[in-house]
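Report on the structure given below.
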Amino acid sequence: MKNKRPDQFDMLDNITELEMLLLRKKKILILEGSSDRSFFKFLLAKSGEDIQTFCMGEKGSKSCKTDLIDLFEQYTDIQDNNLVLGVFDKDLEEKFEFGFQNLLYTEFHDLDCYHMYFSSFERFVVEFLDEPEIAKKMGFSPSKDIEKTRNFIERALAPLSILRLINKDEKLRIPLNKILPKSPAPIRKSRYEKFGEFINHDLFIDDEKLIHYIVSHSLGKNLDAKKIRTAYLNSSYPNIKFFSNGHDLISLLTHLVNVGRKWKGDKDDLEIEESLRLSTDLASFQEYTFTEKIMRWVLGEVYTEEYKCS
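All the letters of the sequence shown, read from the start, carry residue numbers 0 to 309 under numbering that gives the first Met the number 0.
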């Protein structure tokens, strides 16, 4: 019998583990990775139940979304089971073909994007972005117009967001997630430093610098810069709001925050990510269909009038 590596996903082992949890009548929240669990930490702390989180990445999965969907398709006991809720990032997909009511995917690219579109984002802006140096570069005070601030950040991030889209649509085979890795934690922590290589003084990502950074990387040296540039210039994606990458968003925000911290120590990506979570409240989770469904499931009987918006 072939031995399984500890970092290798085993569907049968994980079905067995879920069977044991279901026998104990425990609520189970199935997620892609541990950072997703952190996103829901605030909600889970409010629940009156001991909800078990089941993270695919911690179970040895190298393709968390695919394995999560496969888990639901293969293990019928969790399909439409009120004790189980599966959640995954939409990423760049438009839709998924399954009929399970308890398997949900994000409306945005991924979970972290909700932080910028929740109304609670204003708290983060006031605390971290209302600095004279940032206002000078943006041309306005961020807290004076939160929607304008959101639009500025979307446009600042646009070159990388568009590059991710054309990489998928045009099959350019750019290993973006290896050139700009998001894990493990020490790499993710300092990810914003890489962004400093292609962000201009106006706080916008420079498309030429970005493409140069990619093709100059050891993993991108065989890529055709001209082909990438042509595909980028010919691209047309009007609604950028729904395809910005969450990790890219956090790295950009970290860069922006540090612009305003001239005489203070830099913040890193993990600190900014945590600050975004701490700015969130229950009312924010009711602002989107996806997050409200999860909120109702997590809180259960605790979801009473005191938690509802007036």
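Using N, Cα and C, we set each Cβ at its ideal position, and we do this for glycine too.
Using the three-state DSSP reduction, which class does residue i fall into: helix, strand or coil?
{"i": "L11", "result": "helix"}
{"i": "I198", "result": "strand"}
{"i": "L179", "result": "coil"}
{"i": "T288", "result": "helix"}
{"i": "F53", "result": "strand"}
{"i": "L28", "result": "strand"}
{"i": "C308", "result": "Note that C308 has pLDDT 45, beneath the 50 cutoff, so the model's placement of it is unreliable and no number is given."}
{"i": "K1", "result": "With a pLDDT of only 44 at K1, under the threshold of 50, the placement of this residue in the model should not be trusted; the figure read from the coordinates follows. Reduced to three states, the DSSP call for K1 is coil."}
Between residue i and residue j, how many whole angstroms is the CB-CB distance? I'm expecting something under 8 Å.
{"i": "L82", "j": "K24", "result": "7 Å"}
{"i": "M10", "j": "L70", "result": "7 Å"}
{"i": "L298", "j": "K45", "result": "6 Å"}
{"i": "I145", "j": "E126", "result": "About 13 Å separates the two Cβ atoms, so there is no contact after all."}
{"i": "L22", "j": "D76", "result": "With a Cβ gap of about 10 Å, L22 and D76 do not count as contacting."}
{"i": "S234", "j": "I165", "result": "5 Å"}
{"i": "E245", "j": "C54", "result": "For the sequence presented, residue 245 should be read as Gly rather than Glu. About 17 Å; that fails the 8 Å criterion."}
Quick one: what's got a C-beta closer than 8 Å to residue i's C-beta in the same chain, skipping five residues either side?
{"i": "E169", "result": "A230"}
{"i": "K90", "result": "First, the residue type needs correcting, since residue 90 is Asp and not Lys in the sequence shown. Once the five neighbours on either side are set aside, the close Cβ partners of D90 are K64, H108 and D109."}
{"i": "G195", "result": "H254"}
{"i": "V258", "result": "E130, E132, I133, K136 and L202"}
{"i": "K261", "result": "E132"}
{"i": "R149", "result": "M115, Y116 and F120"}
{"i": "I50", "result": "K25, K26, I27, L28, L43 and V297"}
Could you name the residues of the same chain whose beta carbon sits closer than 7 Å to that of residue i, not counting the 5 residues immediately before and after it, in chain order?
{"i": "F117", "result": "T279, S283 and E286"}
{"i": "L159", "result": "I204, L209 and D247"}
{"i": "Y74", "result": "I14 and L17"}
{"i": "K193", "result": "L179"}
{"i": "I239", "result": "E153, A157 and S160"}
{"i": "F123", "result": "S274, L275 and S278"}
{"i": "K177", "result": "L218"}
By Cβ distance, which residues of its chain are closer than 6 Å to residue i, with the 5 residues on each side in sequence left out?
{"i": "H211", "result": "none"}
{"i": "K128", "result": "For the sequence presented, residue 128 should be read as Leu rather than Lys. Cβ within range, chain order: P141."}
{"i": "G56", "result": "G32 and C63"}
{"i": "K167", "result": "L91"}
{"i": "N199", "result": "D205"}
{"i": "R187", "result": "K181 and D268"}
{"i": "R190", "result": "S250 and D268"}
{"i": "S119", "result": "S278, T279, D280 and S283"}
{"i": "Q100", "result": "D79"}
{"i": "F87", "result": "E31, K64, L67 and Y104"}
Under 8 Å, Cβ to Cβ, is there at least one residue of chain C near residue i?
{"i": "A282", "result": "Although the question refers to chain C, the structure presented lacks it and comprises just one protein chain."}
Below 8 Å, can you find three or more Cβ-Cβ pairs linking the segment 267-282 to the segment 34-44? Contact between the segment 267-282 and the segment 34-44 is present, because at least three Cβ pairs lie under 8 Å.
At what residue ranges does the segment 73-115 contain a whole run of the beta strand (DSSP E), taking only runs of 3 or more? Counting only runs of 3 or more, we get 83-87 and 102-104.
Three or more C-beta pairs below 8 Å linking the segment 287-296 and the segment 215-223: no
For the segment 132-144 and the segment 224-238, state whether three or more C-beta atom pairs, one from each stretch, are separated by less than 8 Å. no
In chain order, which continuous runs of the alpha helix (DSSP H) of length 4 or greater are located wholly inside the segment 145-189? Secondary structure remark: continuous alpha helix (DSSP H) runs of at least 4 residues inside the segment 145-189, in chain order: 145-168, 175-178 and 184-188.
Any 3 or more C-beta pairs closer than 8 Å across the segment 145-161 and the segment 247-261: With a cut-off of 8 Å, the segment 247-261 and the segment 145-161 count as touching, because enough Cβ pairs lie within range.
List, from N- to C-terminal side, the alpha helix (DSSP H) runs of 4 residues or more that fit wholly inside the segment 224-291. 224-232, 245-258, 268-277 and 281-284
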